[in-house]
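The sequence shown begins at 2 in the working numbering and counts up by one. Encoded as structure tokens, the structure appears first; notes follow it.
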Amino acid sequence: MHYGNGAFIVYLFERLCELSEEELGDLLAAAQSVGWLLSCRYTRDALTVSLQDGAAAGQSVPHFHLHILPRHPGDFEPNDEVYRHLERTSQAPPSPRTDCPDRPARTHEEMAAEAEDLRVFGQELIKKMKQQQQQQQQDLQQEQQ
Numbered sequence: 002m003h004y005g006n007g008a009f010i011v012y013l014f015e016r017l018c019e020l021s022e023e024e025l026g027d028l029l030a031a032a033q034s035v036g037w038l039l040s041c042r043y044t045r046d047a048l049t050v051s052l053q054d055g056a057a058a059g060q061s062v063p064h065f066h067l068h069i070l071p072r073h074p075g076d077f078e079p080n081d082e083v084y085r086h087l088e089r090t091s092q093a094p095p096s097p098r099t100d101c102p103d104r105p106a107r108t109h110e111e112m113a114a115e116a117e118d119l120r121v122f123g124q125e126l127i128k129k130m131k132q133q134q135q136q137q138q139q140d141l142q143q144e145q146q
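Shown next, in the form of structure tokens:
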């Protein structure tokens, strides 16, 4: 089982306790934005947001991070298998290969292409939302007249 398209990591500091309240708010806002974008892009109606803070928590790299995984029904059976999968893959020794044998290695070019796809998709989505908001405001103004 692999994470699938859209798996994303938000990274800031070594430990959660190092974040100020403002940074924590920014982190959660970033996770919310990334989750929204990934849910829209990959047509998912659910997310798993997993926090790993310290080696004893399964932290595979020496920094605090969130995993944001777009989810769909049946992608992990039973559902809590996603946490065991994160734990297993996070405990893999560092290597230039992927952390999961059934996940194919991706080139920098492939990852850059996915990042560009998400950037363009996000810009288009935001543009559509702004247009909808403007239309709603115009409709509301017309109703009030």
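Just so it is clear, CB atoms sit at the ideal spot from N, CA and C, and this is done for glycine as well. Since the structure is predicted, the reported quantities are computational estimates derived from the model, not experimental observations.
query: C-alpha gap between residue 96 and residue 129, whole angstroms; result: Residue placement at residue 96 is flagged as unreliable, the pLDDT there being 44, under the threshold of 50; the coordinate-derived value follows with that caveat. Rounded to the nearest angstrom, the two C-alpha atoms are 41 angstroms apart.
query: Three-pair Cβ contact test at 8 angstroms for the region 133 to 140 versus the region 51 to 63; result: no
query: As assigned by DSSP and simplified to three states, the class of residue 40; result: helix
query: One or two residues paired with residue 49 in a DSSP bridge; result: 70
query: The alpha helix (DSSP H) enclosing residue 75, as first and last residue numbers; result: Counting along the chain, residue 75 falls outside any alpha helix (DSSP H), and DSSP gives it neither H nor E.
query: Secondary structure of residue 54, DSSP reduced to three states; result: coil
query: Secondary structure of residue 97, DSSP reduced to three states; result: Annotation note: pLDDT 42 at residue 97 (below 50); position unreliable, coordinate value reported separately. Correct three-state label for residue 97: coil.
query: 8 angstroms contact criterion, which residue 29 and residue 119 should meet: CB distance rounded; result: Going by Cβ atoms, the distance from residue 29 to residue 119 rounds to 19 angstroms, so no, they are not a contact pair.
query: Pair within 7 angstroms by beta-carbon distance, residue 34 and residue 71; result: no
query: Nearest candidate by alpha-carbon position, reference residue 17, set 60, 142, 144, 86; result: 60
query: Residue 76 versus residue 139: straight-line alpha-carbon distance, rounded; result: 42 angstroms
query: Among 22, 67, 114, the one whose alpha carbon lies nearest that of residue 36; result: 67
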